[in-house]
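Residue numbers (the UniProt record's numbering), protein chains in the order written: chain A, 1 to 128; chain B, 1 to 128. A virtual CB, placed ideally from N, CA and C, is assigned to each residue, including glycine. Predicted model only: the values in this text are computed from it and were never measured.
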DNA sequence: ATGAACCCTGGAGCGCACTCCAGGTCAAAT
DNA sequence: ATTTGACCTGGAGTGCGCTCCAGGGTTCAT
């Protein structure tokens with residue numbers, strides 16, 4: 001996930017995939033779904049070339065997806081990037097998402113506690 | 001989710017749904033998928049009646065599902081309940097699952113940190 | 001200059017976890 | 001007596017997030 005190694009002309013889709021941890025198919029799928037900041041530049045023959053900025057953006061997509069934001073919501077977020085001065089709205093989306101993630105973490109933690117109790121229960125049973 | 005209010009004859013599927021936080025359809029689906037401990041008793045006319053034990057088990061299912069265990073894996077876990085002396089294996093499954101959940105929590109937490117940095121970044125921008 | 005490896009598009013297919021539906025039974029209230 | 005509503009079954013449908021494929025062009029090392 002080191003982003004610093006992107007040459008001036010940009011990297012191929014497979015390199016971007018490797019850098020971001022996503023698959024080549026997923027990158028094209030995300031683009032189709034409108035999650036790219038700017039649709040990536042193309043080489044003379046029409047192949048995608050990802051700049052350093054593009055690759056950093058993929059990192060943002062991973063961050064949002066892996067914390068459970070649906071594609072649909074990410075699209076709304078991306079759309080705001082095309083609107084001048086939409087920073088407050090973007091901020092609001094991120095803050096709402098953070099709350100959501102915190103609630104989620106909390107619930108999972110609660111269930112995890114229950115799992116731990118169950119584990120301890122089994123351990124007592126097994127050790128006797 | 002209070003489990004104590006289950007009368008001797010058991011409760012209907014809609015009551016069990018309410019007690020567990022699952023939907024009626026999901027309860028039948030889980031049963032079809034082999035996630036019930038014992039398939040529930042039926043009334044004279046063939047309706048399901050959930051005992052207190054059944055309802056507690058639904059709580060276990062919720063705990064496993066909401067921490068991300070796939071149906072398929074839960075089925076393996078349930079199957080062990082039908083095997084005498086399988087406690088060590090059940091324990092192993094729970095411990096492996098706990099590890100999995102911890103890793104997941106860790107990753108989400110890492111991404112959440114990134115979200116927080118992004119939020120702070122936006123806040124600085126907006127406040128100037 | 002030729003073959004392997006990579007890239008393109010549009011669209012189909014997949015696995016998961018439900019969710020909904022049709023068509024029917026049954027118990028209880030009006 | 002009939003209407004209401006909760007329940008039943010088997011199976012179809014849904015939404016999501018990819019993942020794969022066919023059919024075709026391109027790049028590059030040997």
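What separation, rounded to the nearest whole angstrom, lies between the Cα atoms of residue 122(B) and residue 66(A)?
The straight-line gap from Cα to Cα measures roughly 21 Å.
Is the region 72-90 of chain B touching the region 39-55 of chain B in the sense that three or more CB pairs, one from each, lie closer than 8 Å?
Flag = no, the region 39-55 of chain B and the region 72-90 of chain B do not touch.
Look up residue 28(A) in the DSSP assignment and say whether it is helix, strand or coil.
In the structure shown, residue 28(A) sits in a helix (DSSP, three-state: H, G or I).
Let me know if residue 113(B) comes out buried or exposed under the rule of 16 or more other beta-carbons within 10 Å of its beta-carbon.
Counting Cβ neighbours within 10 Å, residue 113(B) comes out exposed, since fewer than 16 surround it.
Considering only residues of the same chain and omitting the five flanking positions on each side of residue 89(A), which have a CB-CB separation below 6 Å?
Result list for residue 89(A): 80, in chain order.
Quick one: Cα of residue 48(A) to Cα of residue 61(A), how far?
About 18 Å.
For residue 88(A), which residues in chain B fall below 7 Å Cβ to Cβ?
Within 7 Å Cβ-Cβ: 126.
Using the C-alpha atoms, what's the distance from residue 5(A) back to residue 85(A)?
Each residue's Cα considered, the two are about 31 Å apart.
For residue 74(A) versus residue 64(A), is the C-beta distance shorter than 7 Å?
Yes; because the gap between Cβ atoms is below 7 Å, this pair is in contact.
Check for me: the alpha helix (DSSP H) holding residue 114(B) runs from which residue to which?
Here the alpha helix (DSSP H) through residue 114(B) covers 87-126.
Where in the UniProt domain "HTH merR-type" (12-80) of chain A do unbroken runs of the alpha helix (DSSP H), each at least 4 residues long, occur, reported from the N-terminal end onward?
Complete alpha helix (DSSP H) runs here, min 4: 13-20, 24-32, 52-66.
How close, in whole Å, do the beta carbons of residue 40(B) and residue 54(B) come, if the pair is a contact with beta carbons under 8 Å?
That pair is a contact at about 6 Å.
Decide if residue 96(B) is buried, meaning its Cβ has at least 16 other Cβ atoms within 10 Å, or exposed.
By the 10 Å Cβ count, residue 96(B) comes out exposed.
Using 8 Å for Cβ pairs, my map puts residue 87(B) next to residue 11(A). What's the rounded Cβ distance?
Not a contact, Cβ separation roughly 52 Å.
Do you know offhand how far residue 92(B)'s Cα is from residue 36(A)'s?
Straight-line Cα distance between these residues: approximately 43 Å.
Our contact map puts residue 23(A) next to residue 17(A) with C-beta atoms below 8 Å; I'd like the distance itself, whole angstroms only.
Confirmed, Cβ separation roughly 6 Å.
Is it right to say residue 29(B) is buried, meaning 16 or more other beta carbons lie within 10 angstroms of its own, or is it exposed?
Exposed, since its Cβ has fewer than 16 Cβ neighbours within 10 Å.
Give the residues of chain B in contact with residue 116(A), contact being defined as C-beta atoms less than 8 Å apart.
Here the neighbours are 98.
For residue 1(B) and chain A, any beta-carbon pair shorter than 7 Å?
In this prediction, residue 1(B) has a pLDDT of 46, which is less than 50 and means its spatial position is unreliable; what the coordinates show is noted afterwards. Answer no: the Cβ-Cβ gap between residue 1(B) and chain A never drops below 7 Å.
Contact defined as beta carbons within less than 8 Å: I believe residue 20(B) pairs with residue 59(B). What is the distance between those atoms, to the nearest angstrom?
Yes, residue 20(B) and residue 59(B) are in contact; Cβ-Cβ is about 6 Å, under 8 Å.
In whole angstroms, what separates the C-alpha of residue 109(A) from that of residue 107(B)?
Taking the straight line from one Cα to the other gives about 14 Å.
Under a CB-based cut-off of 7 Å, is residue 26(A) close to chain B?
Judged by the 7 Å Cβ criterion, residue 26(A) is not in contact with chain B.
Using 7 Å as the limit for Cβ to Cβ distance, is residue 78(B) near chain A?
By this cut-off, residue 78(B) is not an interface position.
Quick one: Cα of residue 124(A) to Cα of residue 104(B), how far?
Distance between the alpha carbons of residue 124(A) and residue 104(B): 27 Å.
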